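Here's the structure we're looking at; comments come further down.
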Amino acid sequence: MATGQSVALVTAAAGAGIGAAVARRLAHDGLDVVVTDAHERRCHEFASALAHEVGRPTSAYHLDVTDHAQVRAVISEVVAERGGLDVLVNNAGWSKIEPVAEMSLETWQQCLDVDLTGTFACMRYALAPMIAGGGGSIINISSIAAWEMSTEHGAAYSAAKAGVLALTRVAAAENGVHGVRVNAVAPGLIYNDFLRKIYPEKFFSDYLSDKAFLSRIGEPGDVASMVSFLASDEASYVTGEVFTVSGGVSARG
Ligand SMILES: NC(=O)c1ccc[n+]([C@@H]2O[C@H](COP(=O)([O-])OP(=O)(O)OC[C@H]3O[C@@H](n4cnc5c(N)ncnc54)[C@H](O)[C@@H]3O)[C@@H](O)[C@H]2O)c1
1 MATGQSVALV TAAAGAGIGA AVARRLAHDG LDVVVTDAHE RRCHEFASAL
51 AHEVGRPTSA YHLDVTDHAQ VRAVISEVVA ERGGLDVLVN NAGWSKIEPV
101 AEMSLETWQQ CLDVDLTGTF ACMRYALAPM IAGGGGSIIN ISSIAAWEMS
151 TEHGAAYSAA KAGVLALTRV AAAENGVHGV RVNAVAPGLI YNDFLRKIYP
201 EKFFSDYLSD KAFLSRIGEP GDVASMVSFL ASDEASYVTG EVFTVSGGVS
251 ARG
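When we follow my numbering, the leftmost residue of the sequence shown carries the number 1, and every step to the right adds one.
Quick look at the structure:
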C-alpha cells in the first residue's frame, strides 16, 4: 500500500536514546516511519505510542540487524507494504569495554557484527529498492570514537565505528549516480537513562567541567535534528560526509 509519503526505516528505534528520538523526529517531519528494534515488545509499544502522538499509523517490525535473513525479509516486506523505501537510518550499536590485551573474541565479533556488519546488511538490502524508486538517503550513526580516543578500552567499538565511516564514503561514491545519498553522523556523548546506570556521577560532572563547550550533555534530539536535515531535500547536495554532533568536544582534540 503506497502512502505517497516518504518511507523511513530506523533500526534500534525502541530504546531510550538516539533511535527513538530519530523515529519521533522523522514522524513529526511527516515521514511514514517504520520502527524496528531487536526488542520485540518495546518495538510494538513504541510504535503505537508514536502513532498516537502523530495521529497516523506507524509500522513496527522486530529486527535484529545481526540476523541477515531477517534484515532482508523486513526490508522487502516494508517495500511491498509501503510502496518503497526512501530513508534508512542505521542506528543499531553495541559495545563492551575491554582492554585489547584481555578482549574476548566474542566481544570483538559481537561489536563488529552489530555496529559494522549490521549497518552493511541493512544498506545491502535497502539500496536496490531505493535505486528502483529513483533515490534515497541513508544515514549511518557512527561516533567520534571512530577517530579519537574518547572511550577507554573501547577498541572494538572504535574500529567498528571507523569502519562505518569507510563504508559510508564508498557507498556514497557508488550510489550517487542513482540518486542515493549516504552520510554518517558521529555523536559525542549523548545522554540516556541507560548511560546513567553504567557510568558514575563523576563521569558526567568531569565531562561538563573539562570537555563540554556548551555546558550541557548532548540529548538524543540533537542527533535527531541532524538526521532530519540529512533525510530531507534540504541536503540534496550532501553525500559521503560525516557530521559531528558533539557540542564542540571533538573540536577540543
Ligand atoms: N549514546 C551515546 O553517547 C552515543 C555516542 C556516540 C554514538 N552513539 C551511537 O548511537 C546509536 C544509538 O545509541 P543510543 O545509546 O542512543 O541507544 P538507542 O537507545 O538508540 O539504542 C538502544 C536500542 O538498540 C537496540 N538494539 C541493540 N542491539 C540491536 C541489534 N542487534 N539490532 C537491532 N536493535 C538492537 C536495543 O534493543 C535498544 O532498544 C548507536 O549506534 C551508538 O553506538 C551513541
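The beta-carbon is built from N, C-alpha and C at its ideal position, and this holds for glycine as well. On a predicted model such as this, the values are computed, not experimentally measured, just so you know.
Nearest to residue i (by Cα), restricted to the options the options
i: A47; options: A23, K211, D193; result: A23
i: G93; options: H178, Q109, R252, A173; result: Q109
i: G17; options: P200, L214, I141, T151; result: I141
i: D37; options: T239, S59, T11, G4; result: T11
i: T66; options: R124, A186, R42; result: R124
Own chain, CB closer than 6 Å to residue i, minus 5 neighbours either side, in chain order
i: G163; result: L116
i: G240; result: R169, A172
Same chain, Cβ closer than 7 Å to residue i, neighbours up to 5 away in sequence not counted
i: Y191; result: I217, G218, E219
i: A27; result: V33, L50, V54, T58
Residue i Cβ short of 8 Å to ligand 1 heavy atom set
i: G176; result: no
i: R42; result: yes
i: A14; result: yes
i: G19; result: yes
i: A38; result: yes
i: V223; result: yes
i: P187; result: yes
Helix, strand or coil at residue i [DSSP, three-state]
i: F204; result: helix
i: N175; result: helix
i: M1; result: Below a pLDDT of 50, predicted positions are generally treated as unreliable, and M1, at 49, falls in that range; the measurement from the model is reported next regardless. Looking at M1 - three-state DSSP - the assignment turns out to be coil, as it is neither helix nor strand.
i: L165; result: helix
i: S137; result: strand
i: A156; result: helix
Chain-order list of residues whose beta-carbon lies under 8 Å from that of residue i (same chain, five-residue window excluded)
i: E45; result: A14
i: M1; result: With a pLDDT of 49 at M1, under the threshold of 50, the predicted position of this residue should be treated as unreliable, and no value is reported.
Whole-number beta carbon distance between residue j and residue i, since they are thought to touch under 8 Å
i: S232; j: R181; result: No, S232 and R181 are not in contact; Cβ-Cβ is about 11 Å, not under 8 Å.
i: A261; j: G247; result: An answer regarding residue 261 cannot be provided, because it is not within the stretch 1 to 253 covered by the chain.
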